[in-house]
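Take any residue in the sequence shown, count from 1 to its spot, add 168: that is its number in this note's numbering.
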Amino acid sequence: WAAPNIPVLSGRGPQLRLYDSADRQVRPVAPGPTATMYVCGIPPYDATHLGHAATYLTFDLVHRLWLDGGHDVHYVQNITDVDDP
């Protein structure tokens, strides 16, 4: 798929901060010039529900924050096919 056209806006978005479970603190995320993100997607073993949308929405927003921060982003997300033996 072609990348969507995202207009450039003046100013900067907020810096992404995530909870670090190792030391129980919220820390800023500062990726290098290319931000990489792998997301283990939903296992579609039952009916779709709002929790599935939350996964897609959350990581789409992280992706957009990094793009807004001027990073190249390599974003991979899988969807597990649980019907395969």
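Ideal Cβ positions, reconstructed from N, Cα and C, are used throughout, including at glycine.
*Tell whether a beta-carbon distance below 7 Å holds between Val230 and Tyr206.*
no
*asked:* On a Cα-Cα basis, can you pick out the residue from Thr248, Arg232 and Asn246 that is closest to Asn173?
replied: Arg232
*Could you check the C-alpha separation between Leu218 and Pro211 for me, to the nearest Å?*
14 Å
*Would you kindly work out how many angstroms separate the C-alpha atoms of Pro199 and Trp234, rounded to a whole number?*
8 Å
*Between the CA atoms of Leu184 and Pro196 - distance to the nearest angstrom*: 6 Å
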